[in-house]
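Below you'll find the structure, written out as structure tokens, and then a few comments.
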Amino acid sequence: MKPPCWRQERNNFTCRDVLFTLDHAFPAPTVQDRKSQKALREFCQKYPIRLYQNGEGVLHQVVAEEKSIWPGMIIVGADGHVATVGAFGAVAFSVDAENLIPVLENGQYTVQVPEQITVAVEGILPPYVLPRDVAFALVREFAEEIKGKAVALTGSLFERISLAGKMTICNFLPEAGVKTAFILPEGEKDQVDRRLQVKALEPLIAVPPAPNLIKTVKELEGTKISVAIAGGCSAGRIEDMKVLSDVLQGQMVHPGVTLIVTPASKKVLAEMESLGLTQVLREAGAVLMPPGCGPCPGKHFGLLADDDVAITTTIRNTPGRIGSKEAKIYLASPFTVVLAALNGEITVVNNSKS
Numbered sequence: 020m021k022p023p024c025w026r027q028e029r030n031n032f033t034c035r036d037v038l039f040t041l042d043h044a045f046p047a048p049t050v051q052d053r054k055s056q057k058a059l060r061e062f063c064q065k066y067p068i069r070l071y072q073n074g075e076g077v078l079h080q081v082v083a084e085e086k087s088i089w090p091g092m093i094i095v096g097a098d099g100h101v102a103t104v105g106a107f108g109a110v111a112f113s114v115d116a117e118n119l120i121p122v123l124e125n126g127q128y129t130v131q132v133p134e135q136i137t138v139a140v141e142g143i144l145p146p147y148v149l150p151r152d153v154a155f156a157l158v159r160e161f162a163e164e165i166k167g168k169a170v171a172l173t174g175s176l177f178e179r180i181s182l183a184g185k186m187t188i189c190n191f192l193p194e195a196g197v198k199t200a201f202i203l204p205e206g207e208k209d210q211v212d213r214r215l216q217v218k219a220l221e222p223l224i225a226v227p228p229a230p231n232l233i234k235t236v237k238e239l240e241g242t243k244i245s246v247a248i249a250g251g252c253s254a255g256r257i258e259d260m261k262v263l264s265d266v267l268q269g270q271m272v273h274p275g276v277t278l279i280v281t282p283a284s285k286k287v288l289a290e291m292e293s294l295g296l297t298q299v300l301r302e303a304g305a306v307l308m309p310p311g312c313g314p315c316p317g318k319h320f321g322l323l324a325d326d327d328v329a330i331t332t333t334i335r336n337t338p339g340r341i342g343s344k345e346a347k348i349y350l351a352s353p354f355t356v357v358l359a360a361l362n363g364e365i366t367v368v369n370n371s372k373s
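Numbering (my numbering), first residue to last: 20 to 373.
Laid out in structure tokens, this is it:
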């Protein structure tokens with residue numbers, strides 16, 4: 020394979036437009052992983068392509084921090100959640116590694132343009148309800164209608180929430196089978212097909228064995244947990260880390276729970292340290308991981324045993340995703356996760372000791 024920078028530029032696409040990250044299995048947990056990483060490094064040095072190989076963080080956060088992204092930009096990536104950049108208004112398509120090869124060779128991607136559905140999300144989020152809950156609500160309300168389509172998001176909510184919150188929402192929607200998801204630029208008008216009002220929204224949870232099975236926290240109150248996981252590409256940004264530290268300040272993680280925290284990037288970790296968040300988390304009993312994916316891909320660090328019940332901000336809860344196929348995985352917002360870590364069970368906020 021000869022990437023486009025090997026020859027004359029095509030469509031203004033060169034190797035400067037390509038990046039790789041080591042995030043799913045880094046530092047290498049197996050000899051084979053290390054061999055693969057060394058081969059990728061040699062490939063990137065040869066052409067050259069930018070490789071983030073020193074723990075800079077998970078792909079989607081590194082792209083957001085290091086690349087200029089603009090509305091309407093087309094991005095193709097060998098990962099299931101590249102739609103995270105839809106927070107910027109970019110249009111991203113996920114492919115497998117094999118289908119990424121012709122994109123690297125030609126600087127082109129052929130796609131059958133998916134049908135678009137535009138959803139307006141309106142209102143102000145209630146206390147303790149986070150953007151992750153909005154993502155769950157979108158799946159709960161419109162799962163069948165958005166499957167296989169490009170989801171354009173608009174509405175007053177997006178004028179109020181942060182870029183990190185927008186990334187969280189776009190990051191999760193591929194789990195509902197959407198082709199891509201993006202937020203319409205401010206001021207851009209489009210015909211609205213569906214509306215979601217969030218002013219009365221409750222904290223939600225995706226229950227095993229699939230990320231599109233959504234229930235309220237109230238329905239699951241009292242469910243005992245043994246592992247809590249926060250961070251990664253879905254909820255590892257600084258505002259997520261602040262949620263964790265705010266709840267855990269002066270508290271201790273439940274003695275029957277392991278709380279694993281993974282900053283999304285080295286820059287996030289540096290800001291956590293400067294704000295004193297890492298100290299708060301460590302003193303509360305949390306285990307801090309190197310920046311990256313953390314336990315989410317099930318490659319290493321924090322794998323679950325047969326009898327584990329985990330609540331996590333990560334992206335998928337199919338059987339075996341994080342270790343044993345017998346383990347149960349619940350997906351939730353950072354607030355719901357840290358509250359469960361504190362109490363040892365899924366908790367309605369009014370019944371928490373925090």
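Just so you know, even glycine gets a beta-carbon here, dropped at the ideal spot from N, CA and C. What you are looking at is a predicted structure, and each value in this text was computed from that prediction instead of being measured.
Item	Value
Burial state of Asn-118, where buried means 16 or more other Cβ atoms lie within 10 Å	exposed
Sequence-distant residues of its chain with Cβ nearer than 6 angstroms to Gln-27 (five each side left out)	Summary for Gln-27: the model assigns pLDDT 49, below 50, so the residue's position carries little reliability, and this model does not support an answer.
Residue environment, Leu-182, which counts as buried when at least 16 other CB atoms sit within 10 Å	exposed
Burial state of Asp-115 (16 or more Cβ within 10 Å)	exposed
Exposure label - Asn-369; buried when at least 16 CB within 10 Å	exposed
Rounded C-alpha distance that separates Val-356 from Ile-68	38 angstroms
Enclosing alpha helix (DSSP H) for Thr-40 [first to last residue]	Looking at the DSSP string, Thr-40 is not in any alpha helix (DSSP H); the run it does join, the beta strand (DSSP E), is 38-40.
Residue from Tyr-147, Thr-242, Phe-155, Gly-96 whose Cα sits closest to the Cα of Asp-36	Gly-96
Extent of the continuous beta strand (DSSP E) to which Lys-347 belongs	347-350
Nearest residue (CA-CA) to Gln-192, options Pro-230, Val-81, Glu-205, Asp-209	Strictly speaking, residue 192 in this sequence is Leu, with Gln absent from that position. When each option's Cα is compared against that of Leu-192, the closest is Pro-230.
For Arg-213, the three-state DSSP class (helix, strand or coil)	strand
Presumed contact (8 angstroms Cβ cut-off) between Ala-254 and Thr-332, rounded CB distance	4 angstroms
Boundaries of the alpha helix (DSSP H) in which Thr-297 is found, first to last residue	296-302
Cα-Cα separation between Ile-317 and Pro-310, rounded to whole angstroms	First, the amino acid is wrong: residue 317 is Gly here, not Ile. C-alpha separation (whole angstroms): 15 angstroms.
As assigned by DSSP and simplified to three states, the class of Glu-141	strand
Own chain, CB closer than 7 angstroms to Thr-137, minus 5 neighbours either side, in chain order	Ala-171, Thr-173, Asp-209, Gln-210, Val-211, Asp-212
Collapsed DSSP secondary structure at Phe-32 in the structure displayed	strand
Three-state class that DSSP yields for Met-92 in the structure shown	coil
For Gln-131 and Leu-294, the rounded distance between their alpha carbons	46 angstroms
Euclidean distance between Cα positions of Val-246 and Gly-339	15 angstroms
Any 3 or more C-beta pairs closer than 8 angstroms across the stretch 269-278 and the stretch 226-242	no
4-residue-minimum alpha helix (DSSP H) runs that sit fully inside the stretch 61-91, ordered along the chain	78-85
Ile-93 classed as buried or exposed, judged by whether at least 16 other C-beta atoms fall within 10 angstroms	exposed
Burial state of Ala-156 (16 or more Cβ within 10 Å)	buried
Identity of the residues DSSP links to Ala-225 by a beta bridge	Ile-233, Leu-350
Residue nearest to Gly-206 in terms of C-alpha spacing, selected from Ser-175, Cys-189, Val-226	Ser-175
Asn-73 versus Leu-215 - alpha carbon distance	41 angstroms
Segment contact flag, the stretch 194-203 with the stretch 163-170, C-beta cutoff 8 angstroms, min 3 pairs	yes
Coil, strand or helix - Lys-208 by DSSP	coil
Closest Cα partner of Leu-263 within the set Glu-164, Val-50, Ala-359, Glu-364	Ala-359
Identified DSSP bridge partners for Val-287	The partner list for Val-287 (beta bridge, DSSP) is empty, contrary to what the question assumes.
Residue from Phe-62, Ala-219, Pro-353 with nearest C-alpha to Asp-265	Pro-353
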